[in-house]
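Heads up, the sequence shown is in our numbering, so the first residue is 4 and it goes up one at a time. Read the structure below first, then the notes.
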Amino acid sequence: MSEIKRLTDYSHLRQRIFMYLGGTDLHTQDILEIDDSNNPVIVNETWVPALYTGFREILDNASDEVNGHGFGNTIKVEYNPNTMIFSVEDNGRGIPFDYSKEYDMHLATMVLSEPRTGRNFDERKKVAGTNGIGSAATSNTSEWFKFKITKEGKVFTQSFSEGKNNDNQLIIEDPIIRNISDKTTSGTYIQYHPSKSVFPNMVLPERFIRSRIFEFAAANPKIKVYYNKELIKVKPKIEQTLFGKTKTIVIDINDEENDFLSKFIVVPDFVSDGDHYHSLVNNIPAINGGTHMDAFRLAFFKNLLTALEKESKKRKLYPNRADISEGLLIYNITEMDAPNFDAQSKTRLTNESAGKIISKVLNEAEFYNQIIKKNPEWINSIFERCAERTKKKDASDLAKLQKKVGRVKVASLLDATGKDRSKTILILGEGLSAIEIAKSTRDPQIHGIMPLRGKPMNVSGSKPTDVASNKILQDIMNSTGLIIGKKAVREELRYGCVWMASDEDQDGAAICALIVNFFYTYWPELFDDKDNPFLYRFQTPYIIAEKGKERKYWDSSNYHQFIPSEWKGWSITRAKGLAALIKEDWVEHYKNPKLIPIVNDSELKETLDMIFNDSRADDRKEWMSI
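Next comes the structure, spelled out in structure tokens:
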């Protein structure tokens with residue numbers, strides 16, 4: 004015997020409900036809801052999708068009648084989460100209930116009980132119903148389903164119920180038709196209770212349903228919407244109802260040629276973590292977005308980043324899409340003809356045309372310039388997030404880099420050998436050949452010497468990873484034991500202090516200034532001890548007077564006191580470079596060093612910023628002219 008079966012529509016709807024209404028398992032998702040004070044909030048909610056879709060299909064019919072087709076002005080919804088009884092009523096035209104000889108059935112009976120029936124097949128103008136499935140899917144999966152239609156002085160009532168004893172047909176009771184004197188009243192009332200045999204999980208939070216009705220009312224201010232007999236009060240614009248005085252960015256897209264209307268409401272700093280988007284398409288909550296939301300987010304973030312480039316260069320911070328989207332709520336209302344969805348549950352729009360329309364409109368540069376101008380607080384928060392993200396990334400990259408380079412021995416360092424490191428001195432000398440004699444005349448217990456091969460980088464405005472990657476600065480850090488991002492503790496360093504030895508000229512002074520800026524930028528605490536400074540300028544001779552074995556010295560601090568006429572008979576040398584110094588000069592200066600301590604006074608920070616900050620070029624010119 005063949006295993007092939009032929010199911011009735013009724014049996015197929017109930018056994019394969021996921022094809023028509025969605026899943027019957029519990030579903031949890033972050034979703035926008037309305038709290039008791041009528042404020043929108045993001046809630047991690049749990050519900051049964053198919054249960055909600057069944058209700059929404061009935062609501063969609065009322066919405067199509069009143070809002071889509073323009074008949075009536077009132078929709079009333081009631082829901083009791085304890086009894087799981089739903090009801091929806093509108094004062095539209097009323098579903099036609101004429102008897103059809105062609106179908107041998109009243110039209111209303113057919114529409115509400117049989118799949119593939121409806122009136123939105125041919126002309127789909129801004130309606131929710133599209134497939135002729137919804138109402139029948141709800142009635143066929145209900146324990147009972149009853150309705151009342153008032154139309155042209157008649158009232159049509161009928162009830163359906165689920166089949167008993169494995170009956171594979173919906174039980175349809177005979178309708179009751181009665182005449183009334185009032186020929187002006189019209190509308191449709193539907194009440195139903197979902198079947199427990201179809202829905203093993205009867206979970207549909209009352210707040211979830213109320214939220215959907217509230218935002219429907221907010222999106223359709225011309226319609227009177229009641230929920231559990233209470234009129235939902237709304238304002239003329241949805242952003243006024245939902246967000247009140249909250250700062251929002253409203254973007255209206257109106258494509259008359261395609262009869263496409265879409266409003267995007269961007270709310271900065273709305274959520275605490277990540278971002279959230281929510282959309283109504285022809286009053287259907289497309290909670291998973293779709294082509295229109297994808298297109299908006301792509302264009303909006305891309306073009307805003309482009310508009311921020313000037314400010315990015317100024318701040319030396321370069322935001323990405325995540326910096327913009329963090330905390331953002333993007334709320335959307337779209338009205339369009341013939342919407343297509345990824346499933347009967349209608350949680351995601353699939354029309355490619357919607358995305359193309361939105362992408363085309365959102366490419367005007369001036370539009371984003373205005374957003375930046377009108378929302379300075381939000382723009383600042385974007386850069387703050389960028390700074391924090393960059394800081395964390397730099398810290399991570401820096402840690403990896405320092406771990407790598409920290410194990411590298413400084414080849415150019417002639418290390419001091421003394422065990423008491425507090426008494427040791429690291430001499431940073433300008434040039435390798437220039438301090439060769441200094442090496443041979445040092446006290447190896449005390450003096451460590453490291454030649455600087457080139458000019459150190461200007462660390463002002465530089466990323467820590469770039470600083471740590473610089474070979475000269477790497478060698479300084481590895482020689483001293485200093486680590487970027489870690490506070491300097493004198494007792495833990497490899498040297499008690501550092502002497503900067505350079506040529507007595509402008510280049511030499513620049514090298515010393517760059518070294519001071521490097522130390523102060525990352526370890527300002529090294530400059531606080533005025534009684535025991537860490538960093539010194541080691542003054543080497545600029546002028547040397549020699550007579551026999553006797554030598555006299557003048558450096559950059561006092562060379563102006565040198566009067567040649569007072570030193571007749573002496574051999575005079577201008578030794579502006581370290582290479583000009585001989586063994587006797589180094590011996591004397593080791594024995595009697597002339598040191599300029601570099602300590603934190605009221606001017607050090609400002610002076611360094613004045614010299615090395617790229618953005619202070621004008622201030623620098625004025626300062627140098629004094």
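All C-beta atoms in this analysis are idealised placements derived from N, C-alpha and C, irrespective of residue type, glycine included.
- Ranking Trp-570, Ile-336, Ile-7 and Trp-589 by CA distance to the CA of Glu-242 puts Ile-336 first.
- Following the DSSP letters along the chain, one finds Asn-47 inside the beta strand (DSSP E) bounded by residues 43 to 50.
- Leu-308 carries a helical assignment under DSSP once its states are collapsed to helix, strand and coil.
- Judged by beta-carbon spacing, Ile-61 lies within the 8 Å limit of Ile-193, meaning their Cβ atoms are closer than that value.
- In this structure, the straight-line span from the alpha carbon of Thr-420 to that of Val-501 is close to 16 Å.
- Counting the other CB atoms within 10 Å of its CB gives Leu-435 a total below 16, which places it among the exposed residues.
- Residue range 209 to 222 is occupied by the alpha helix (DSSP H) that includes Arg-210.
- For Gln-194, the secondary structure class from DSSP, reduced to helix, strand or coil, is strand.
- If you draw a straight line from the Cα of Ser-362 to the Cα of Ser-275, it is about 28 Å long.
- As computed with DSSP, Ser-145 is found in a beta bridge with Pro-197.
- Under the Cβ criterion (8 Å, minimum of three pairs), the stretch 270 to 284 counts as touching the stretch 324 to 334.
- By the CB criterion at 8 Å, Ala-310 and Leu-352 fall outside the cutoff.
- Comparing C-alpha distances from Lys-151 to each of Tyr-371, Ser-90 and Gln-542 shows the shortest one belongs to Ser-90.
- By the beta-carbon neighbour count (other beta carbons within 10 angstroms, threshold 16), Leu-115 is buried.
- A Cβ-Cβ contact shorter than 8 Å links Ala-220 with Val-237.
- With a cutoff of 8 Å on beta-carbon distance, Ile-252 and Val-269 are scored as near each other.
- Here DSSP, grouped into helix, strand and coil, assigns Gln-32 to strand.
- In this structure, Tyr-229 sits away from Val-69, with a CB-CB distance that is not shorter than 8 Å.
- With contact defined as three or more Cβ pairs closer than 8 Å, the stretch 30 to 41 and the stretch 185 to 203 are not in contact.
- Cβ contact annotation for Lys-199 (same chain, cutoff 8 Å, sequence separation greater than five): Glu-146 and Met-205, in chain order.
- In the DSSP assignment, Ile-599 is bridged to Arg-540.
- The three-state secondary structure of Phe-202, taken from DSSP, is coil.
- By the C-beta density criterion, Ile-7 is exposed, having fewer than 16 other C-beta atoms within 10 angstroms.
- The distance from the Cβ of Gly-464 to that of Asp-617 is about 6 Å, consistent with a contact at the 8 Å cut-off.
- The stretch 318 to 329 makes contact with the stretch 380 to 392, as at least three CB pairs between them are under 8 Å.
- For Thr-543, the closest alpha carbon among the candidates Asn-520, Glu-507, Ile-575 and Ala-516 is that of Glu-507.
- A Cβ-Cβ contact shorter than 8 Å links Leu-455 with Ile-514.
- With at least 16 other beta carbons inside 10 angstroms of its own, Glu-92 counts as buried.
- Counted as a single uninterrupted DSSP element, the stretch harbouring Met-460 is not any alpha helix (DSSP H), since DSSP gives it neither H nor E.
- From the listed residues Asn-223, Ala-53, Asp-558 and Ile-34, the smallest Cα separation to Asp-28 is found for Ala-53.
- Taking the C-beta atoms as reference points, Asp-478 is found nearer than 8 Å to Ser-415.
- For the options Ile-20, Lys-474, Gly-551 and Val-413, the alpha carbon positioned closest to that of Val-201 is the one of Ile-20.
- Assigned with DSSP and collapsed to three states, Glu-165 falls in coil, not helix or strand.
- Here the alpha carbon of Lys-394 sits roughly 17 Å from the alpha carbon of Lys-490.
- Taking a C-beta distance under 8 Å as the contact criterion, Glu-433 and Ala-516 do not qualify as a contact pair.
- The three-state reading of DSSP puts Pro-99 in coil, since its state is none of H, G, I, E or B.
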